[in-house]
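Let me begin by presenting the structure, written as structure tokens, before commenting on it.
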Amino acid sequence: MSDTVPVIASHFLGVILCSWLYGLTLAQTWYYFHSYPKDSCHTKLLVAFLSVLGTAQVMLVTASIYQYTIVWAGDPLMSSHVTTTFEASMGVSSVIAFLVQLTYAHRIWRLSFGNMLLACPIVVLAFVALAMLAKTVRSPLWKSTHVSNLSASIFYLASITCDVVIAGSQVYLFHKSRTGIGRLGGLITRLTVLVVNVGLLTSIDVTVFLVLFLVCPSNGAFLVPYILMSHCYLNSFLSVLNSRLLLRELVDNDDYACPNIAASSVSGGAASPSSHSRSVVVVARV
């Protein structure tokens, strides 16, 4: 039993932190449906489906820790096994990360006005990460949990690269849309900071998970960031989705209003109407 105590302790800590993040997910979900009633049906369905998956993930990891601490209490043989409910939670977490990454790929495709060179690598990396994660854990016993170097390395590189490409593509598109007219550039800067911070959240979590899994797979320390991973993706996605209202208010605010383009042209302004229009469209599509 003593060999599984660190695993159960990490599992328990992960469930506590996951419950807190789940509360944040519910709050953001409520805010979304309250603030964006006119969003398209497919976006609403996506948010609802992701919220259901997030709920399922919390229920599965809670059921798993219940099985360890109540059902299998005092049974060292059974406690050394990975529960089926935890394995199911792994599948749910993978699907959540996969769907969020695909949604970002679609968002980048729209922001880039249909540039497949930016969107396709994200789709490919998301599929690779989903496929490789299933091959990472090879044993049902915690004490013999180990990593297949090839599959784990591919999963790690695919996940991190996908998140970096998502953030980098958006930063590139926002930077490309800067015009220098009025204070619209300040709004683009805010978008850039938001995208970078959101991308760091998921990237750091996945990195910590893989480092712990590679260094000390048998003590279960990797369970904490892994259990949190799905809700890191959910909250990062919802935070970007819910930021649109504030961004639109900033666009409509006089502080970000652009001077008359014709007047700027007469006075020798270098900005062109087409570049300004592109910036406004990019902001509107966020």
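Plus 1046 on top of the position in the sequence shown (first one is 1) and you've got our numbering.
Don't be surprised by glycine CBs; every beta carbon is placed ideally from N, CA and C.
Since we're looking at a predicted model, the values are computed, not measured.
Any idea if residue i is buried or exposed, counting beta-carbon neighbours within 10 angstroms, 16 or more meaning buried?
{"i": "F1268", "result": "buried"}
{"i": "T1130", "result": "exposed"}
{"i": "A1151", "result": "buried"}
{"i": "V1053", "result": "buried"}
{"i": "H1057", "result": "buried"}
{"i": "D1121", "result": "exposed"}
{"i": "P1263", "result": "buried"}
{"i": "Y1220", "result": "First, the residue type needs correcting, since residue 1220 is Phe and not Tyr in the sequence shown. So F1220 counts as buried."}
{"i": "I1227", "result": "At I1227 the pLDDT is 45, less than 50, meaning the model places this residue with poor confidence; the figure from the coordinates comes in the next sentence. Under this definition I1227 is a buried residue."}
{"i": "L1123", "result": "exposed"}
{"i": "F1201", "result": "buried"}
{"i": "G1160", "result": "exposed"}
{"i": "C1208", "result": "buried"}
{"i": "F1132", "result": "buried"}
{"i": "V1004", "result": "Not covered by the structure: residue 1004. The range shown for the chain is 1047 to 1332."}
{"i": "S1139", "result": "buried"}
Quick check on the DSSP output: the alpha helix (DSSP H) that includes residue i runs from which residue to which?
{"i": "N1265", "result": "Here N1265 belongs to no alpha helix (DSSP H), and DSSP marks it neither H nor E."}
{"i": "T1075", "result": "1051 to 1081"}
{"i": "Y1150", "result": "1130 to 1157"}
{"i": "A1109", "result": "1087 to 1112"}
{"i": "S1289", "result": "Element bounds for S1289: n/a, residue is neither H nor E."}
{"i": "L1125", "result": "Going by the sequence as given, residue 1125 is Ser instead of Leu. 1122 to 1125 is the span of the alpha helix (DSSP H), which, as asked, contains S1125."}
Mind checking whether residue i and residue j have CB atoms under 9 Å apart?
{"i": "F1259", "j": "M1275", "result": "no"}
{"i": "T1248", "j": "C1278", "result": "yes"}
{"i": "L1096", "j": "L1145", "result": "yes"}
{"i": "I1250", "j": "V1107", "result": "no"}
{"i": "A1172", "j": "A1204", "result": "yes"}
{"i": "R1153", "j": "Q1216", "result": "yes"}
{"i": "T1050", "j": "S1125", "result": "yes"}
{"i": "Y1077", "j": "N1281", "result": "no"}
{"i": "S1135", "j": "S1158", "result": "no"}
{"i": "Q1147", "j": "A1165", "result": "no"}
{"i": "V1141", "j": "L1092", "result": "no"}
{"i": "G1266", "j": "A1119", "result": "no"}
{"i": "Y1068", "j": "T1115", "result": "no"}
{"i": "G1060", "j": "V1270", "result": "yes"}
{"i": "L1284", "j": "Y1082", "result": "no"}
{"i": "V1128", "j": "C1064", "result": "no"}
{"i": "P1167", "j": "V1117", "result": "no"}
State the DSSP-derived secondary structure class of residue i, mapped to helix, strand or coil.
{"i": "K1084", "result": "coil"}
{"i": "A1119", "result": "coil"}
{"i": "G1160", "result": "coil"}
{"i": "F1255", "result": "helix"}
Could one say the Cβ of residue i lies closer than 9 Å to chain D's Cβ atoms, at least one of them?
{"i": "Q1216", "result": "Of the protein chains in the structure, only one exists, and it is not chain D."}
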